[in-house]
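Novice: Could you have a look at this structure, given as structure tokens, before my questions?
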Amino acid sequence: MTDTQRREDKQKVDVGPLYSDLHTDFFIVEDRPTSSFVDTQLMEAVLLTQLVHTYRDNRKDMAETQTETIPPQGNSSQWGATRPVTIDANGSFQTPDGEIKPNLGRTVNDIEAIGPESEPLASWQKRNNIDPSKQIKLVKLAHMRYQHPELETITTFLRDFGMHVVKTSEDGEKRWFRGYGPDQYVYYAQKGPKTFLGGTFAVESMADLEKAAALPGASGIQEMTDAPGGGHLVTLRDPEGFPVNVMCGQTPPPQRETDELPQKVILNDETDKPRVRQFNRFRPGPAAVHKLGHYGLCVQQFDAQLEWYTRHFNIVPTDFLYVPMPSEQGKGTDGQQKKDVAVFAHVDRGDDPVDHHSFFMTTNPTSHVHHCSFEVHDYDTQQLGHQWLGKQGYTSYLLTRIFDYWWDTTGNMIEHYADGDLVNKDTPVGWGMAGDESLAVWGPEVPKWFLQ
Numbered sequence: 001m002t003d004t005q006r007r008e009d010k011q012k013v014d015v016g017p018l019y020s021d022l023h024t025d026f027f028i029v030e031d032r033p034t035s036s037f038v039d040t041q042l043m044e045a046v047l048l049t050q051l052v053h054t055y056r057d058n059r060k061d062m063a064e065t066q067t068e069t070i071p072p073q074g075n076s077s078q079w080g081a082t083r084p085v086t087i088d089a090n091g092s093f094q095t096p097d098g099e100i101k102p103n104l105g106r107t108v109n110d111i112e113a114i115g116p117e118s119e120p121l122a123s124w125q126k127r128n129n130i131d132p133s134k135q136i137k138l139v140k141l142a143h144m145r146y147q148h149p150e151l152e153t154i155t156t157f158l159r160d161f162g163m164h165v166v167k168t169s170e171d172g173e174k175r176w177f178r179g180y181g182p183d184q185y186v187y188y189a190q191k192g193p194k195t196f197l198g199g200t201f202a203v204e205s206m207a208d209l210e211k212a213a214a215l216p217g218a219s220g221i222q223e224m225t226d227a228p229g230g231g232h233l234v235t236l237r238d239p240e241g242f243p244v245n246v247m248c249g250q251t252p253p254p255q256r257e258t259d260e261l262p263q264k265v266i267l268n269d270e271t272d273k274p275r276v277r278q279f280n281r282f283r284p285g286p287a288a289v290h291k292l293g294h295y296g297l298c299v300q301q302f303d304a305q306l307e308w309y310t311r312h313f314n315i316v317p318t319d320f321l322y323v324p325m326p327s328e329q330g331k332g333t334d335g336q337q338k339k340d341v342a343v344f345a346h347v348d349r350g351d352d353p354v355d356h357h358s359f360f361m362t363t364n365p366t367s368h369v370h371h372c373s374f375e376v377h378d379y380d381t382q383q384l385g386h387q388w389l390g391k392q393g394y395t396s397y398l399l400t401r402i403f404d405y406w407w408d409t410t411g412n413m414i415e416h417y418a419d420g421d422l423v424n425k426d427t428p429v430g431w432g433m434a435g436d437e438s439l440a441v442w443g444p445e446v447p448k449w450f451l452q
């Protein structure tokens, strides 16, 4: 088979026993063409980045001199003075005497991590004439809704992915899947031609549901009589026609069995060794899904979409990715010439911590759903789940050390992730230049076709 044929096969989303080495997959389709200046820049971006704001300054394009902060000495909790370091073309750090610096990780606050290209959230809302008091108040992202031609086939996949069937309708045409978290279900599937039916957000009250039902193009309030936990649902359409669901009144699920909940694995490092006469052992199997974390869209009308979501709902940006612009058009808040091409957004719950993003969008020549993502317990859970799916013959789309992507049996992309960041109203809105190195910290560089 030629490389061209393999590229065509990959684009058709084969999902049979074609599982192959991830690094081979990278080189199969890395050279896809793009169609314009913005598209070319965007396709080199890595969008799904719990780490975009954390590693904003980790540039590997060229050798340059920066300063590093010397770690605290002794019992000091303060970071010390700075010294010059050189970043070579491979991204390695060197001190003036030629010493190659080892990698270094540390946990820093959001303001430091995001850096100077930022703006307070309240300032961003005021600049965009957004009145939070008029918004439909979302509580959280609760579940995804899809239509699949083969309900039994997708059921097998979702079980291998780490979900459980909680209910099937009497006619066998609808099915609800749960995790072990606080939701009645995290995924709804119905039988029919492949269709994206939207993400579903829980709202604070029936008044919010009524406000949603009053928007142009919204459905009426529908009672979910068959669904576990009941409740009421309204379906809206965004400017590009993507469905968005809001629901209210669902009862909480029964308490999960204790043996279903994951146990925390104790780790020893070079100095702190709490695990004595205890051995870590792991059972093979799917990565148990906790909850739905986020989903994302590829859109053609980025500005209109952003305005619609952030005006009607308490959805606010956490991070923007941008590309430089060759003219005065697109000048940013700091006076630089730039165009926003992607956004990671969270549900604003004031002081309460929430996921770094529950929703994202990226500019694209075509409009389509990109993926949905589900949280698992930890890295070990995710890695063991990746091995399990591979052994079942499913096709891996991308793997790093904190998340992995798969094609389901209908051709939709779906993700496991662990260790997501948390933000709140005091986290500033950040901007970062789109670039394919943003997620190369813990894994191989992401292929340029990732966002297509």
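Counting from 1, position 284 in the sequence shown corresponds to residue 284 in UniProt numbering; the numbering is continuous, with no gaps.
Glycine included, each C-beta is placed from N, C-alpha and C at the ideal position.
Does DSSP put Arg-32 in a helix, a strand or coil?
Specialist: Any reading at Arg-32 is ruled out, since the residue's pLDDT is 31, under 50, leaving its predicted position unreliable.
Novice: What are the partner residues of Ala-189, as DSSP defines its beta bridges?
Specialist: Its beta-bridge partners are Tyr-146, Arg-175.
Novice: Straight-line CA distance for Arg-277 to Thr-235?
Specialist: When rounded, the distance between both Cα atoms is 55 Å.
Novice: Please look up how many angstroms separate the CB atoms of Pro-253 and Gln-184, rounded, as I've assumed it's under 8 Å.
Specialist: Contact flag correct, Cβ pair sits at about 5 Å.
Novice: Starting from Thr-155, trace the alpha helix (DSSP H) both ways and give me its first and last residue.
Specialist: It spans 151 to 161 - the alpha helix (DSSP H) in which Thr-155 sits, taken as one unbroken run.
Novice: Is Gln-250 closer than 8 Å to Gln-190 when the C-beta atoms are compared?
Specialist: No, the Cβ-Cβ distance between Gln-190 and Gln-250 is not below 8 Å.
Novice: DSSP on Met-433, reduced to helix/strand/coil?
Specialist: Three-state DSSP puts Met-433 in a strand.
Novice: Helix, strand or coil: how does DSSP classify Glu-112 here?
Specialist: Glu-112: helix per DSSP, three-state reduction.
Novice: Of the residues Gly-350, Met-325, Asp-348, which one's Cα is nearest the Cα of Lys-338?
Specialist: Ranking the options by Cα distance to Lys-338, first place goes to Met-325.
Novice: Helix, strand or coil for Leu-233 per DSSP?
Specialist: Reduced to three states, the DSSP call for Leu-233 is strand.
Novice: Need the endpoints of the beta strand (DSSP E) that Ser-373 sits in, please.
Specialist: Taken as a continuous stretch (DSSP letters only), the beta strand (DSSP E) holding Ser-373 covers 368 to 375.
Novice: With 16 as the cutoff for other CB atoms within 10 Å, does Ala-434 come out buried or exposed?
Specialist: Buried, by the Cβ-count rule.
Novice: Could you check where the beta strand (DSSP E) with Gly-199 kicks off and where it finishes?
Specialist: It spans 195 to 203 - the beta strand (DSSP E) in which Gly-199 sits, taken as one unbroken run.
Novice: Return the first residue and the last residue of the alpha helix (DSSP H) that Met-206 is part of.
Specialist: Run containing Met-206: 206 to 213, per the alpha helix (DSSP H) assignment.
Novice: Compute the Euclidean distance between the alpha carbons of Gly-285 and Thr-195, then round it to the nearest angstrom.
Specialist: Using only the alpha carbons, I get a separation of about 29 Å.
Novice: For Pro-239, collect the residues of the same chain with a Cβ closer than 7 Å to its Cβ; drop the 5 residues on either side in sequence, then sort them by chain order.
Specialist: Excluding positions up to five away in sequence, the list reads Gln-301, Ala-304, Gln-305, Trp-308.
Novice: Under the assumption that Phe-320 contacts Trp-431 (Cβ atoms under 8 Å), give the Cβ distance between them as a whole number of angstroms.
Specialist: The Cβ separation is near 5 Å, so the contact holds.
Novice: Measure the C-alpha to C-alpha separation of Val-265 and Asn-280 and round it to an integer number of angstroms.
Specialist: Roughly 7 Å between the two C-alpha positions.
Novice: Using DSSP's beta-bridge definition, name the partner residues of residue 468.
Specialist: This structure cannot speak to residue 468, because the chain is shown only from 1 to 452.
Novice: Does Thr-107 pass the burial test, meaning 16 or more other C-beta atoms within 10 Å, or should it be called exposed?
Specialist: Result: exposed.
Novice: Which value, in whole angstroms, describes the spacing of the CA atoms of Ala-227 and Lys-167?
Specialist: Each residue's Cα considered, the two are about 8 Å apart.
Novice: If you follow the beta strand (DSSP E) that Asp-340 is part of, which residue opens it and which one closes it?
Specialist: Note, Asp-340: beta strand (DSSP E), 338 to 347.
Novice: When the Cα atoms are used, what is the spatial distance from Phe-161 to Asn-412?
Specialist: Each residue's Cα considered, the two are about 13 Å apart.
Novice: If you follow the alpha helix (DSSP H) that Phe-302 is in, where does it begin and where does it stop?
Specialist: Unbroken alpha helix (DSSP H) run through Phe-302: 302 to 312.
Novice: DSSP state of Gly-385, grouped into three classes?
Specialist: If DSSP states are grouped into helix, strand and coil, Gly-385 belongs with the helices.
Novice: Using alpha carbons as the reference points, say which of Val-323, Cys-298, Asp-272 lies closest to Thr-366.
Specialist: Nearest option by C-alpha distance: Cys-298.
Novice: Compare the beta carbon distance of Leu-292 and Met-144 with 8 Å and say whether it is the shorter of the two.
Specialist: The answer is yes: Cβ separation under 8 Å.
Novice: Are the beta-carbon atoms belonging to Phe-374 and Val-186 less than 8 Å from one another?
Specialist: In this structure, Val-186 lies closer than 8 Å to Phe-374 by Cβ.
Novice: Taking Met-163 as the reference, which of Val-423, Val-429, Asn-424, Ile-414 has the closest Cα?
Specialist: Checked all of Val-423, Val-429, Asn-424, Ile-414; the closest Cα to Met-163 is Ile-414.
Novice: Between Asp-421 and His-370, which are expected to be in contact by the criterion C-beta below 8 Å, what is the C-beta distance as a whole number of angstroms?
Specialist: The Cβ separation is near 20 Å, so there is no contact.
Novice: Kindly indicate which three-state DSSP category Tyr-379 falls into: helix, strand or coil?
Specialist: Tyr-379 falls in the helix class under three-state DSSP.
Novice: Assuming Gln-382 and Ala-288 make a contact with CB atoms under 8 Å, what is their CB distance in whole Å?
Specialist: In fact, because the Cβ distance is near 10 Å, the residues do not count as touching under 8 Å.
Novice: Roughly how many whole angstroms lie between the Cα atoms of Val-341 and Phe-201?
Specialist: Each residue's Cα considered, the two are about 24 Å apart.
Novice: Does Arg-175 pass the burial test, meaning 16 or more other C-beta atoms within 10 Å, or should it be called exposed?
Specialist: With 16 or more Cβ atoms within 10 Å of its Cβ, Arg-175 is classed as buried.
Novice: Leaving out five residues on either side along the sequence, give the residues of the same chain with a beta carbon under 6 Å from the beta carbon of Asn-364.
Specialist: Here the set comprises Cys-298.
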